[in-house]
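A.B. asks:
Numbering (our numbering), first residue to last: -10 to 353.
Now the structure itself:
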């Protein structure tokens, strides 16, 4: 089976992901569900695909084939006028390709089914806003939508640093320059250092994954810039500790103080499958003076989450409230959430819905 056949199938069926392993059957994810192909993908077919479609990755790929490189390879390419992100990596069965079909359209926040509170964070004038979650949870898509909203709303100088560039922005009211790590600059660290001399108002850091990049992002936020970034974290309340733990113990208290001063908001995102596709389930923390004091005081996560629930008018969104919002709008059903939410949050969702039914006499 040729890689080209799978790419065409993915485009025609609006797939999100393709997984290819040498001498194994390939998989394609459509509307959240994986489909397996009958035929196996040979090594020579993978070799030919890399050579013809992504020649700029050929040297690194050959080193991997010869076992001279074990670090995964990231890149992007176009096929049939559509853009794909690719990660090439080694596994027990040999060469693997993980491909993501990138959207050729940037959806609005409404089209992504994000609550109206998210839009508030496109209006901040300085500070740090983070979208966190696992790989494949839609973090980059959300931030692309936020940047697009700014682009069509007001005049700013925007710099994005990504690996790879997933969404192409066309300047409207904003000047937008997009930089790809590994193509235009060596690293996120180098790009964020250079950003301090490039006069942006807004910087998007595609992935904050090392001490230097995180430190530079905080410094940029302290110096009056708006910084949007992504981070791998399991919850909103885990995010602060996740950042601080990157630093040596002697620096952690200072970083905590800096972070409490610049952090404007954190949104955790998970994609939940429904009958027609996926819906983002989010929890959004808007950092106010009380929350900043909690961060400084190393408050337990439950304390911060209780404060969030009581301050929804200030831009906070508790995950249970977001779940109920989706249910009321017929995007999710309670059973979709049983294995997604923790028991306490799941119980809260059922309680909110039950109270709603009792008040109205019906549910709908």
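Glycine included, C-beta positions come from ideal geometry on N, C-alpha and C.
Closest by CA to residue 167, which one among 161, 148, 292?
C.D. replies: Here the question's residue 167 lines up with position 178 in the chain shown. Ranking the options by Cα distance to residue 167, first place goes to 148.
A.B. asks: On the premise that residue 68 lies in contact with residue -4, defined as a C-beta separation below 8 Å, what is that separation, rounded to the nearest angstrom?
C.D. replies: Looking up residue -4 in the chain shown gives position 7. Looking up residue 68 in the chain shown gives position 79. So it is a contact: roughly 5 Å between Cβ atoms.
A.B. asks: Just tell me which of 345, 329, 295, 317 has its CA closest to the CA of residue 102.
C.D. replies: Position 113 of the chain shown, counted from the first residue, corresponds to residue 102. Answer by Cα proximity: 317.
A.B. asks: Just to confirm the assignment: which complete alpha helix (DSSP H) runs, minimum length 4, are found wholly within the segment 127 to 165?
C.D. replies: As far as the segment 127 to 165 is concerned, its whole alpha helix (DSSP H) runs of at least 4 residues are 128 to 140.
A.B. asks: Let me know the secondary structure DSSP gives residue 26 once reduced to three states.
C.D. replies: Taking the chain shown and counting its residues from 1, one reaches residue 26 at position 37. Residue 26 falls in the strand class under three-state DSSP.
A.B. asks: Starting from residue 10 and walking both ways along the alpha helix (DSSP H), at which residues does that stretch end?
C.D. replies: Along the chain shown, one-based indexing puts residue 10 at 21. Where residue 10 is concerned, there is no enclosing alpha helix (DSSP H), although the beta strand (DSSP E) it sits in stretches over 6 to 10.
A.B. asks: Hey, which unbroken runs of the beta strand (DSSP E) at 3 residues or more fall wholly within the segment 34 to 97?
C.D. replies: As far as the segment 34 to 97 is concerned, its whole beta strand (DSSP E) runs of at least 3 residues are 62 to 68, 71 to 80, 83 to 90.
A.B. asks: Less than 8 Å between the CB atoms is what I'm expecting for residue 368 and residue 220, so what's the real figure, rounded?
C.D. replies: Past the edges of the chain, shown from -10 to 353, lies residue 368, and the structure says nothing about it.
A.B. asks: Rounding to the nearest angstrom, what Cα-Cα distance links residue 214 and residue 161 in this structure?
C.D. replies: The sequence position of residue 214 within the chain shown is 225, counting from 1. The sequence position of residue 161 within the chain shown is 172, counting from 1. Rounded to the nearest angstrom, the two C-alpha atoms are 20 Å apart.
A.B. asks: When you compare each of 55, 123, 70 to residue 260 by their alpha carbons, which one comes out closest?
C.D. replies: Your numbering for residue 260 matches position 271 in the chain shown. The residue with the shortest Cα to Cα distance from residue 260 is 123.
A.B. asks: Write down the C-beta distance between residue 251 and residue 274 rounded to the nearest angstrom, noting that I regard them as a contact closer than 8 Å.
C.D. replies: Here residue 251 corresponds to residue number 262 of the chain shown, with the count starting at 1. Here residue 274 corresponds to residue number 285 of the chain shown, with the count starting at 1. With a Cβ gap of about 14 Å, residue 251 and residue 274 do not count as contacting.
A.B. asks: DSSP beta-bridge partners for residue 266?
C.D. replies: Counting from 1 along the chain shown, the entry for residue 266 is found at position 277. According to DSSP, residue 266 bridges with nothing at all.
A.B. asks: Closer than 6 Å by C-beta to residue 16: which residues in its own chain qualify, once you throw out the five before and the five after it? Chain order, please.
C.D. replies: If you number the chain shown from 1, residue 16 lands on position 27. So the list reads 8, 23, 25, once near-sequence residues are dropped.
A.B. asks: Roughly how many angstroms lie between the CA atoms of residue -8 and residue 301, to the nearest whole one?
C.D. replies: Taking the chain shown and counting its residues from 1, the one referred to as residue -8 is at position 3. Taking the chain shown and counting its residues from 1, the one referred to as residue 301 is at position 312. The alpha-carbon atoms of residue -8 and residue 301 are separated by roughly 48 Å.
A.B. asks: Just the C-alpha distance for residue 57 and residue 79, rounded to the nearest angstrom, thanks.
C.D. replies: Numbered from 1 along the chain shown, position 68 holds the residue referred to as residue 57. Numbered from 1 along the chain shown, position 90 holds the residue referred to as residue 79. So the two alpha carbons sit approximately 12 Å from each other.
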